[in-house]
Amino acid sequence: MFHLSNSPPTVGEVKERMKDKIKKKSVLLFLIVALLFTLNSCGRKDSSSRGGIKEVVLWETYNNEEHDEIEKIALEFEKENPGIDIKVQRVPWNGHESKLMTSMITNTAPDIARVDVAFLPRLVISNSVLELSQFGEINTDDYVQAAINSNIFVENGKKKIYGLPDQTTGAALFYNRKMFREAGLDTKKPPRSWDEFIETAKRLTKDKDGDGKIDQYGFAMDNDLWWTFPFFNTFGVKFLSDDGKKCLLNSQAGCAALQLKVDLYKKHKVEAGAWQSGAIPPDTGFINEMYAMVLMGPWNIKRFKDAGLDFGIALIPRGPAGSSTNVGGTDMVVLRKAKNPEICFKFLKYLTSPRVQAKWATDLAQIPVNIKAENYIDFSKQPEIKIFFEQMKTAIARPKVISYSELSNVVNPYLYAALAGKKSVKEALDTISQKIEEDILVEK
213 MFHLSNSPPT VGEVKERMKD KIKKKSVLLF LIVALLFTLN SCGRKDSSSR GGIKEVVLWE
273 TYNNEEHDEI EKIALEFEKE NPGIDIKVQR VPWNGHESKL MTSMITNTAP DIARVDVAFL
333 PRLVISNSVL ELSQFGEINT DDYVQAAINS NIFVENGKKK IYGLPDQTTG AALFYNRKMF
393 REAGLDTKKP PRSWDEFIET AKRLTKDKDG DGKIDQYGFA MDNDLWWTFP FFNTFGVKFL
453 SDDGKKCLLN SQAGCAALQL KVDLYKKHKV EAGAWQSGAI PPDTGFINEM YAMVLMGPWN
513 IKRFKDAGLD FGIALIPRGP AGSSTNVGGT DMVVLRKAKN PEICFKFLKY LTSPRVQAKW
573 ATDLAQIPVN IKAENYIDFS KQPEIKIFFE QMKTAIARPK VISYSELSNV VNPYLYAALA
633 GKKSVKEALD TISQKIEEDI LVEK
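This is the structure in structure tokens:
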């Protein structure tokens, strides 16, 4: 059973954790923005209807292909719902959070906005987004659980859903088939467990030119927290206590998970040190055939194909808690000032419906957020996405904290220190847990 994703915190609990963090300038500014947004909204003239047409403004941050797809989806929705105009407006990803905050001050905020999953807790805390289940039924079982769970908070024992996932992603195991064959390994049998992974990686780690130095490694990895979640997840690590007051990464399971990552480099010597400053990163080394296996996301599939690589994709090796992955992605939220929130909700349900998600996944080679989309996808044409779709079924949402970037900044230096041998795994995780409690979590 996986434990990294705790039971959703109550809105009240998260607000309590904000008591001391409110002193931080960034959070204080955000709350001021929310207050000004409220004042501006009270006197805002309703311009959402013109000539009997109800208008919904949607801000999105997609790339070119995704932008074209969302516009097609909006047009189809309008055809099925006469009298509604979904105005899709593209916003650059870089700085989209600041732009949204500014728009709330200047009374130019959209009705729907696409935001990073890590930004949602702040929007919830500041009461800037609407709770969606008040507008209709949301069957959370229809969604990739790690994706929908990032949107769920609990208040007085009742689920509150503040957004719907529009895009989800994670990592899987990429392996070079050519290098497998050269090592006498079966390309149809990638390693299924961490023990098998270690043995496979040893056979793929070679001194190819006989100079006494290893020039081909079985594995390459990143030290960042996001890339360490697969290790924690497969060991069933619980990140925070149920009350959200304690960090539990320094548990026995947490230490075992990080020790495995350290051992791949220091003990088994099958990892290339790709996490070190100035080293060749995993994706580049995979393309150059220096690294035989990497953990990577679907965003690199096209790049690897374009490079002419003969590669396969498999589930992340099982640990004591099975196979699992890290999670990234975005959510669609309805801002509190929206004049037609029922229509906004209806569109988001349409966007995340099985058939629409099947088309999205097929056209863009991406993971559908609705698991029922599987019934409408020809995975024979999308074999790589099928693997990722299966991997996401056991994915685990990141812990809900007010600032994920602050969390990463706290954790990453000590993960690096453990890998570099500057601190023991226990020392690193003890320090991480203490700093998370002091700098990220707030005592009631």
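Quick note: the sequence shown uses this note's numbering, first residue 213, plus one each step. All C-beta atoms in this analysis are idealised placements derived from N, C-alpha and C, irrespective of residue type, glycine included.
- Comparing alpha carbon positions, the residue from Leu-476, Gly-456, Lys-457, Phe-451 closest to Gln-464 is Phe-451.
- For Glu-288, there is no enclosing beta strand (DSSP E); the enclosing alpha helix (DSSP H) covers residues 276-292.
- Spatial neighbours of Val-268 in its own chain (CB-CB distance under 8 Å, excluding positions within 5 residues in sequence) are listed in chain order as Ser-260, Ile-296, Asp-297, Ile-298, Lys-299, Asp-323, Ile-324, Ala-550, Asn-552, Ile-555, Cys-556, Phe-559.
- Cβ atoms of Leu-641 and Cys-467 come within 8 Å of each other, at about 6 Å.
- In the structure shown, Ile-265 falls within a strand segment according to DSSP collapsed to helix, strand and coil.
- Scanning Glu-618, Pro-377, Phe-441, Thr-399 for the CA closest to the CA of Ala-383 turns up Phe-441.
- The criterion of a C-beta distance shorter than 8 Å is satisfied by Gln-569 and Val-581.
- Cβ atoms of Tyr-355 and Ile-583 come within 8 Å of each other, at about 7 Å.
- In this structure, the beta-carbon distance from Val-303 to Lys-291 does not fall below 8 Å.
- For Arg-334, there is no enclosing beta strand (DSSP E); the residue is found in the alpha helix (DSSP H) stretching over 332-337.
- As the crow flies, the alpha-carbon of Met-505 is around 25 Å from that of Ala-358.
- Lys-420 and Glu-394 have their C-alpha atoms roughly 11 Å apart.
- Contact between Thr-537 and Ile-525 does not hold, since the beta-carbon distance rounds to 12 Å and is not under 8 Å.
- The beta-bridge partner set that DSSP reports for Phe-365 consists of Lys-372.
- Here Ala-630 really is in contact with Val-474; their C-beta atoms are around 6 Å apart, less than 8 Å.
- Scanning Tyr-588, Ile-597, Trp-271 for the CA closest to the CA of Gln-301 turns up Trp-271.
- Linking Leu-547 to Phe-431 through their CA atoms gives a straight-line distance of about 44 Å.
- The Cβ atoms of Ile-350 and Leu-342 lie no closer than 8 Å to each other.
- Between Gly-448 and Pro-532, the gap from beta carbon to beta carbon is short of 8 Å.
- The alpha helix (DSSP H) runs of length 4 or more contained entirely in the stretch 481-529 are, from start to end of the chain, 494-499, 513-518.
- Pro-304 sits in coil when the DSSP states are folded into three classes, being neither helix nor strand.
- Residue range 540-546 is occupied by the beta strand (DSSP E) that includes Gly-540.
- In the three-state DSSP reduction, Asp-323 falls in the coil class, being neither helix nor strand.
- Apart from the 5 residues on each side of it in sequence, Pro-402 sits with its Cβ closer than 6 Å to the Cβ of Tyr-387, Ala-526 in its chain, given in chain order.
- In the DSSP assignment, Lys-418 forms a beta bridge with Gln-428.
- Under the criterion of beta carbons closer than 8 Å, Leu-507 and Met-433 qualify as touching, at roughly 7 Å.
- A distance of 8 Å or more separates the beta carbons of Arg-326 and Asp-280.
- Taking the Cα positions, Phe-331 is about 9 Å away from Val-613.
- Spatial neighbours of Thr-273 in its own chain (CB-CB distance under 6 Å, excluding positions within 5 residues in sequence) are listed in chain order as Val-303, Trp-305, His-308, Arg-326.
- By alpha-carbon distance to Leu-521, the top candidate from Ile-589, Arg-389, Thr-542, Ala-607 is Arg-389.
- Annotation for Phe-516: Phe-523 place their beta carbon closer than 6 Å to its own, counting only its chain and skipping 5 residues before and after.
- At the C-beta level, Val-622 and Lys-647 come within 8 Å of one another.
- Counting of Cβ neighbours within 10 angstroms places Glu-650 among the exposed residues, the total staying below 16.
- Phe-289 and Lys-414 have their C-alpha atoms some 53 Å from each other.
- Exposed is the label assigned to Ile-265, since fewer than 16 other Cβ atoms lie within 10 Å of its Cβ.
- Secondary structure note for Ala-384: its beta strand (DSSP E) is the uninterrupted segment 384-388.
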